[in-house]
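>
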Amino acid sequence: DQQVKQNSPSLSVQEGRISILNCDYTNSMFDYFLWYKKYPAEGPTFLISISSIKDKNEDGRFTVFLNKSAKHLSLHIVPSQPGDSAVYFCTSNTGKLIFGQGTTLQVKP
Amino acid sequence: NAGVMQNPRHLVRRRGQEARLRCSPMKGHSHVYWYRQLPEEGLKFMVYLQKENIIDESGMPKERFSAEFPKEGPSILRIQQVVRGDSAAYFCASSPGWGNTEAFFGQGTRLTVV
Numbered sequence: 001d002q003q004v005k006q007n008s009p010s011l012s013v014q015e016g017r018i019s020i021l022n023c024d025y026t027n028s029m030f031d032y033f034l035w036y037k038k039y040p041a042e043g044p045t046f047l048i049s050i051s052s053i054k055d056k057n058e059d060g061r062f063t064v065f066l067n068k069s070a071k072h073l074s075l076h077i078v079p080s081q082p083g084d085s086a087v088y089f090c091t092s093n094t095g096k097l098i099f100g101q102g103t104t105l106q107v108k109p
Numbered sequence: 001n002a003g004v005m006q007n008p009r010h011l012v013r014r015r016g017q018e019a020r021l022r023c024s025p026m027k028g029h030s031h032v033y034w035y036r037q038l039p040e041e042g043l044k045f046m047v048y049l050q051k052e053n054i055i056d057e058s059g060m061p062k063e064r065f066s067a068e069f070p071k072e073g074p075s076i077l078r079i080q081q082v083v084r085g086d087s088a089a090y091f092c093a094s095s096p097g098w099g100n101t102e103a104f105f106g107q108g109t110r111l112t113v114v
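In order, the protein sequence lines correspond to chains D and F. One point on numbering: in my numbering, the residue at position 52 of the first sequence is 52, and numbering is uninterrupted. One point on numbering: in my numbering, the residue at position 95 of the second sequence is 95, and numbering is uninterrupted.
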């Protein structure tokens, strides 16, 4: 039973353009979400979070949007840079982090 | 402030041996999580511990796997009688509290069973 789903396994964008990574969840009780970035052979790195009392949180090039009625969140990266190429995980913190399957982002120079 | 420290980074064990993976949380963090990443798969939750307590072990295999987080010292994930299917990257994360808070990950221990 996957409570957090990332339906796009991969995404390729051109440097300088916007990257949009999507995530859906099933449990309406989830109220805190986080995005992590992971490079091969390294641990996940925390990127940005959002509480359900907000619908948007911005940190530099990274913005997370939350649509509670649709149980959907998205991560926008703009402008995208080649160093952003990594696997991105959406999670909900319910006392334990429940991870999506991840989306591999490739930013082409 | 040092981050989450995991050791060893790489561990090779023969089938049937025991593997011990250590995780020292960030300073001030009393909550530890263990995750496993099998090749070509995502991060799977294993266990969530607070000092001297197992809070949630719903992701732990029923046999051979155990975890502890003593009052003093690192958290330990122990795998007894390892099999080839245990080969994976094991990640530890820590957080200062329960729920609505960020958790920070270590670099992982890559276990190879030969």
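Just so it is clear, CB atoms sit at the ideal spot from N, CA and C, and this is done for glycine as well. What you are looking at is a predicted structure, and each value in this text was computed from that prediction instead of being measured.
Just the Cα atoms here: how many angstroms apart are Thr26/D and Gln3/D?
About 5 Å.
> Pull up the CB-CB distance for Val32/F and Leu49/F, whole angstroms please, since I reckon it's below 8 Å.
Right, their Cβ atoms sit about 5 Å apart.
> Is the stretch 43 to 52 of chain D touching the stretch 70 to 90 of chain D in the sense that three or more CB pairs, one from each, lie closer than 8 Å?
These segments touch.
> At the level of alpha carbons, what is the spacing between Met5/F and Ser24/F?
Met5/F and Ser24/F: Cα-Cα distance of roughly 5 Å.
> Quick one: Cα of Lys51/F to Cα of Gly106/F, how far?
About 18 Å.
> Between Ser51/D, Ile18/D, Lys56/D and Gly83/D, which lies nearest to Ile29/D when the distance is taken from Cα to Cα?
Looking at the sequence itself, residue 29/D is Met, so the reference to Ile does not match. Of the listed residues, the one whose Cα sits closest to Met29/D is Ser51/D.
> Could one say the Cβ of Thr112/F lies closer than 8 Å to chain D's Cβ atoms, at least one of them?
Judged by the 8 Å Cβ criterion, Thr112/F is not in contact with chain D.
> Which residues bound the beta strand (DSSP E) around Thr63/D?
Phe62 to Asn67 is the span of the beta strand (DSSP E), which, as asked, contains Thr63/D.
> When the Cα atoms are used, what is the spatial distance from Trp83/F to Leu77/F?
Here the sequence assigns Val to residue 83/F, which means Trp is not the residue at that position. The alpha-carbon atoms of Val83/F and Leu77/F are separated by roughly 15 Å.
> I'd like to confirm the pairing. Which residues does DSSP put opposite Leu38/F in its beta bridges?
The partner list for Leu38/F (beta bridge, DSSP) is empty, contrary to what the question assumes.
> Can you tell which of Gln14/D, Gly43/D, Leu75/D and Gly16/D has its C-alpha closest to the C-alpha of Ser8/D?
Among Gln14/D, Gly43/D, Leu75/D and Gly16/D, the Cα nearest to that of Ser8/D is on Leu75/D.
> From Gly85/F to Ile55/F, what distance separates their C-alpha atoms?
Each residue's Cα considered, the two are about 26 Å apart.
> In chain order, what residues of the same chain lie with their CB nearer than 7 Å to the CB of Ser66/F, ignoring the 5 residues before and after it?
So the list reads Arg78, once near-sequence residues are dropped.
> Checking contacts by CB at 8 Å: is Glu42/D closer than that to chain F?
It does; some Cβ of chain F falls within 8 Å.
> Which of the three DSSP states is assigned to Arg110/F in this structure?
It is a strand residue.
> Under a CB-based cut-off of 8 Å, is Lys96/D close to chain F?
It does; some Cβ of chain F falls within 8 Å.
> Does the beta-carbon distance from Lys44/F to Gly59/F come in below 8 Å?
Yes, they are a contact pair.
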